[in-house]
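**Q**
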Ligand code: ADE
Ligand code: ZN
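In the working numbering, the protein residues as written are 76 to 427.
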């Protein structure tokens, strides 16, 4: 029999988180401090309810309003350093030893932040995680803003002195034809960066958006991907090709895609053998942490300690980090498993 993970396991397990947003990791307290600094009433400007962001949201757009309101107060490099340091400390405190944080640089540049100062502040802030915790950046484009936004983002990336490991597409699926981003995707290859797309989450046809992400942009990973539950051939393709899926259940429930975690497709994906990983997306905006997400995952799937370790190995394998970093992560996870008598035995959701 496999053992159920304890709270101690959830904390000590070296974790890999592939899908969360630095712009979505601004706590209410930090956003309120920044709003106050710029002479705004935090409660009103951030729509706080009992000190919290107004989750659950009525829609993705409702969430985006809250997210952009908080980001509107990240105006100078010191603000960004503060936000990045808070994020880095939160990852370190949870023993998330490797994270890939999406960063929409253009939000801040459009607000007047000077790019070199922005990257320098980011690096200073992320250093607060300490030497044992690595954080790579995935610089993303809000796809609704179109091809020019992607071109401007690419210019920023090419000039950046920052630990960038990937490029990504966020925002509303189908808002702009995906073919507008063919060059952006090609640039990721040219620069030796990974590529991930939020797909199967928003828009009028999230299934088609997933298929196009795979066929047209040949994405390395898919963020969310939950629409695949409605399309058996797509689900079979994901399993056959072991496409890494960055699943963020609380975020999906928080924007109303599913009424509760209990009916979220993560359980059927896990049983079907989808190569899924678990992430927290925009933690304070949904009132959760990575450890909360893993605890929920255990509750929903009955995952064992072996399964949890394997979930982190999947994250390490699908990471955009260099081979050396990935090998180190795998060995850290293996050491945890060995020291906790977790055997590499049959999984509920076999990795192929
Ligand atoms: N940007 C931040 N969070 C997002 C999400 N869940 N979907 C699309 N874009 C996002
Ligand atoms: Zn996301």
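Just so it is clear, CB atoms sit at the ideal spot from N, CA and C, and this is done for glycine as well.
If you're wondering where the values come from, they're calculated on a predicted model, not measured in any experiment.
What residues match up with residue 271 in a beta bridge as DSSP calls it?
**A** The partner list for residue 271 (beta bridge, DSSP) reads 243 and 296.
**Q** Taking the alpha-carbon of residue 99 as reference, which of 357, 214 and 109 has the nearest alpha-carbon?
**A** Per the Cα distances, 357.
**Q** I'd like the list of long-range same chain contacts for residue 76, defined as Cβ closer than 6 angstroms, with 5 residues on each side in sequence excluded.
**A** For residue 76, the predicted structure reports a pLDDT of 43, less than 50, and the residue's modelled location is therefore unreliable. A value from the coordinates is still provided. Cβ neighbours of residue 76 beyond the five flanking positions: none.
**Q** Give me, in chain order, the residues of the same chain whose beta-carbon lies closer than 8 angstroms to that of residue 339; leave out the 5 immediate sequence neighbours on both sides.
**A** So the list reads 301, 324, 327, 328, 333 and 375, once near-sequence residues are dropped.
**Q** Check the DSSP bridge columns for residue 215 and list the partner residues they point to.
**A** Paired residue(s): 243.
**Q** Specify the secondary structure class of residue 346 as computed by DSSP and reduced to three states.
**A** In the structure shown, residue 346 sits in a helix (DSSP, three-state: H, G or I).
**Q** Just to confirm, is the Cβ distance from residue 196 to residue 153 under 8 angstroms?
**A** Yes, Cβ-Cβ distance for residue 196 and residue 153 is below 8 angstroms.
**Q** For residue 354, collect the residues of the same chain with a Cβ closer than 8 angstroms to its Cβ; drop the 5 residues on either side in sequence, then sort them by chain order.
**A** Hits under 8 angstroms: 92, 93, 94, 95, 321, 322, 323, 365 and 368.
**Q** Once the 5 residues before and after residue 254 are set aside, which same chain residues still bring their CB inside 8 angstroms of it?
**A** Result list for residue 254: 291, in chain order.
**Q** State the Cα-Cα distance for the pair residue 198 and residue 402, rounded to the nearest angstrom.
**A** Approximately 24 angstroms between the Cα atoms of the pair.
**Q** Residue 294: which of 305, 315, 259 and 114 sits nearest, CA to CA?
**A** Looking at the Cα atoms, 259 is the closest of the given residues.
**Q** I'd like to know whether the C-beta atoms of residue 372 and residue 130 end up nearer to each other than 8 angstroms.
**A** No; because the gap between Cβ atoms is not below 8 angstroms, this pair is not in contact.
**Q** Quick check on the DSSP output: the alpha helix (DSSP H) that includes residue 142 runs from which residue to which?
**A** It spans 135 to 146 - the alpha helix (DSSP H) in which residue 142 sits, taken as one unbroken run.
**Q** Count the other CB atoms within 10 Å of the CB of residue 244; is the residue buried (16 or more) or exposed (fewer)?
**A** By the 10 Å Cβ count, residue 244 comes out buried.
**Q** Tell whether a beta-carbon distance below 8 angstroms holds between residue 278 and residue 249.
**A** In this structure, residue 249 lies closer than 8 angstroms to residue 278 by Cβ.
**Q** Using DSSP with H/G/I as helix, E/B as strand and the rest coil, what is residue 71?
**A** The requested residue 71 is not part of the displayed model; the chain covers only 76 to 427.
**Q** Given a threshold of 16 other Cβ atoms within 10 Å of its Cβ, counted over all protein chains shown, does residue 80 qualify as buried or as exposed?
**A** Its Cβ being crowded by 16 or more others within 10 Å, residue 80 is buried.
**Q** Report the start-end ranges of each alpha helix (DSSP H) in the segment 159 to 188 that is 4 residues or longer and not cut off at the edges.
**A** DSSP runs (the alpha helix (DSSP H)) wholly in the segment 159 to 188: 180 to 185.
**Q** For residue 335, count neighbouring Cβ atoms within 10 angstroms of its own Cβ and tell me buried if that reaches 16, exposed if not.
**A** Classification for residue 335: exposed.
**Q** According to DSSP, is residue 322 helix, strand or coil?
**A** Three-state result, residue 322: strand.
**Q** Look up residue 351 in the DSSP assignment and give the residues it is bridged to.
**A** Paired residues: 320.
**Q** Applying the 10 Å Cβ sphere with the 16-neighbour rule, what's the burial state of residue 174?
**A** Residue 174 should be labelled buried.
**Q** Taking C-beta to C-beta, are residue 148 and residue 110 nearer than 8 angstroms?
**A** In contact: residue 148 and residue 110 (Cβ atoms closer than 8 angstroms).
**Q** At what residues does the alpha helix (DSSP H) containing residue 96 begin and finish?
**A** No alpha helix (DSSP H) holds residue 96; the beta strand (DSSP E) holding it covers 90 to 96.
**Q** Within its chain, find whatever has a CB closer than 6 angstroms to the CB of residue 298; leave out the 5 residues flanking it on each side and keep chain order.
**A** Excluding positions up to five away in sequence, the list reads 94, 271, 273 and 321.
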